[in-house]
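In this text, residue positions in the sequence shown follow our numbering: the first is -1, and each later residue adds one. So the structure is just underneath, and the comments pick up after that.
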Amino acid sequence: MIPYGRQDINQQDIDAVVEVLKSDFLTQGPKVPAFEQAVKDACDAKYALAVNSATSALHIACLALGLKKGDWLWTTPNTFVASANCGLYCGAQVDFVDIDPKTYNLCAKELEKKLVIAEKAGKLPKVVIPVHFSGQPCDMEAIYSLSKQYGFKIIEDASHAIGGKYKGEPIGNCRYSDITVFSFHPVKIITTAEGGMATTNSPELAQKLDLLRSHGITRDTDLMTKPTDGPWYYQQVDLGFNYRMTELQAALGVSQMQRLEAFVAKRHELAQRYDTLLKDLPVTLPWQHKNSYSGLHLYVIRLQLDKIKKTHLEVFEGMREAGILVNLHYIPVHMQPYYQSMGFKAGQFPQAEQYYKEAISIPMFPTMTNQQQEKIVNTLQQLLF
């Protein structure tokens, strides 16, 4: 079986986790700050806050930006549900912006059109979450410019994108956003098993994120409402959550970060080989903007259904029957039953819906062999002709 994605764990990673198991700290020790420092250094951000998942990072990022009942959060329909659910967690209303037909990212031109209409209706978003789908960054300069004109905050959902670059600078530096969020799920570019991170350049947002990830509790006397009672003393000054990352996860993250550039470079090597092997098949290959260096979490093809005799489903099932565990990223969020119960319906975001009818994520992971890649392409070729 060839999975669509998988972690790459070496002996160094294992030794790092075992070292923690033998130490005095399994949680709230020195490894979490070390992992945060490694991500800060890689992303050129001033602050990094580790949490137990990217979903948790999205949630507290929204709260830190003051998202609440009566507010609007906009994101792309072509994402995992967490990018939208985080708005609902805060009591806000959620809406979507259709995708660019080339990058499959939130379209800045569609965003501008929607903002013009929303301003007239008095329903401008408080937060917009562009998602760097498959690792390719959105048109952040254009989105940032719109944020200054229309007054919304930006959270970059870079769950697919650590190690990538936008206009020559690392994704996560928050040049065009308030907060950036990363995921370290096992199929992502680096892994901490489960885990996430939020980067920011704002000391106020960093302080708020830090409080929210750990019950809203502080031992910082500057944040307390009265003098301390003694060295044991702490105060809950906000309503937070238990979203902390463990030392085991962070140790794995520190080790994995040492291979981040190599992981991304290998993904680019695989993608270039796919481009060559697939160029004569009736599929649309991923398009990369010249201003971006993608993390290449995914390699997504689109079937040219008018040129083949099989359906989307038949090709997908045929690949799986051959032991190739292709996937589909993503079912448009507005087509989920939970969101349709809110009034969303088919036809509202046509580019995302058309993409869904044609897309297949074929396997992409650093330990993939040439033989595996050739099997994937040969199986696909047999199915398409």
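Even glycine gets a Cβ: it sits at the ideal position worked out from N, Cα and C. These numbers come from a predicted model, not from an experiment.
Item: Taking all protein chains shown into account, do 16 or more other C-beta atoms lie within 10 angstroms of the C-beta of Y291, making it buried, or fewer, making it exposed?; Value: buried
Item: For A102, which three-state DSSP category applies?; Value: The identity of residue 102 in the sequence shown is Tyr, whereas the question assumes Ala. Of the three classes helix, strand and coil, the one that applies to Y102 here is coil, per DSSP.
Item: Taking its Cβ as the centre, do 16 or more other Cβ atoms sit within 10 Å of P335, making it buried, or is it exposed?; Value: exposed
Item: Hey, would you say G228 sits closer than 9 Å to L209, going by beta carbons?; Value: no
Item: Run through the region 321 to 356 for me and flag every whole alpha helix (DSSP H) of 4 or more residues, listed as ranges in chain order.; Value: 335 to 338 and 348 to 356
Item: Verify whether the separation of the beta carbon atoms of P364 and A260 is less than 9 Å.; Value: yes
Item: Check the Cβ-Cβ distances between N103 and every residue of chain B, and say whether any is below 9 Å.; Value: Chain labels in this structure do not include chain B; a single protein chain is all it has.
Item: What does the Cβ neighbour count give for G89, buried or exposed, with the cut at 16 atoms within 10 Å?; Value: exposed
Item: Just to confirm, is the Cβ distance from Y129 to T74 under 9 Å?; Value: A small fix is needed here, since residue 129 is Val in this sequence, not Tyr. Cβ atoms of V129 and T74: closer than 9 Å.
Item: Are L144 and E117 touching if we call contact CB-CB under 9 Å?; Value: no
Item: Which of helix, strand or coil does DSSP assign to S51?; Value: coil
Item: Give the secondary structure of S157 by DSSP, where H, G and I count as helix, E and B as strand, and everything else as coil.; Value: coil
Item: What do you reckon, are the CB atoms on A159 and H266 nearer than 9 Å?; Value: no
Item: Mind checking which residues open and close the alpha helix (DSSP H) that includes S200?; Value: No alpha helix (DSSP H) holds S200; DSSP gives it neither H nor E.
Item: With H, G and I counted as helix, E and B as strand and the rest as coil, what does DSSP make of N83?; Value: helix
Item: Between the Cα of A249 and those of I12, K186, R4 and D6, spot the shortest distance and give me the residue it belongs to.; Value: I12
Item: Between which two residues does the beta strand (DSSP E) containing I127 stretch?; Value: V125 to I127
Item: Take R300 and list the residues in its own chain whose beta-carbon comes closer than 6 Å to its own, dropping the five residues that flank it on each side.; Value: T282, E356 and A357
Item: If you check the beta carbons only, do I141 and I152 fall under 9 Å apart?; Value: yes
Item: Report the residue ranges of all alpha helix (DSSP H) runs contained in full by the region 282 to 319; include only those spanning at least 4 residues, in chain order.; Value: 310 to 319
Item: Can you say whether T216 is buried or exposed, counting buried as having 16 or more other CB atoms within 10 angstroms of its CB?; Value: buried
Item: Any idea what DSSP makes of V92, helix, strand or coil?; Value: strand
Item: Is R271 near N368, with beta carbons less than 9 Å apart?; Value: yes
Item: Short of 7 Å in beta carbon distance, which residues of its chain neighbour I329, apart from the five on each side in sequence? Order them along the chain.; Value: Y354
Item: Roughly how far, in whole angstroms, is the beta-carbon of T197 from the beta-carbon of V49, given that I think they are within contact range, below 8 Å?; Value: At roughly 12 Å, the Cβ-Cβ gap does not stay under 8 Å, so T197 and V49 are not in contact.
Item: To which residues does DSSP link L71 through a beta bridge?; Value: V92 and V125
Item: If you drop the 5 nearest sequence neighbours on each side, which residues of the same chain put their C-beta closer than 8 Å to that of S21?; Value: G27 and E245
Item: Using 8 Å for Cβ pairs, my map puts L113 next to L122. What's the rounded Cβ distance?; Value: 7 Å
Item: Which residues does DSSP pair with S359 in a beta bridge?; Value: V298 and N325
Item: Let me know if V279 comes out buried or exposed under the rule of 16 or more other beta-carbons within 10 Å of its beta-carbon.; Value: One detail in the question is off: residue 279 reads as Leu in this sequence, not Val. L279 comes out buried.
Item: Taking L207 as the reference, which of L47, A43 and Q379 has the closest Cα?; Value: L47
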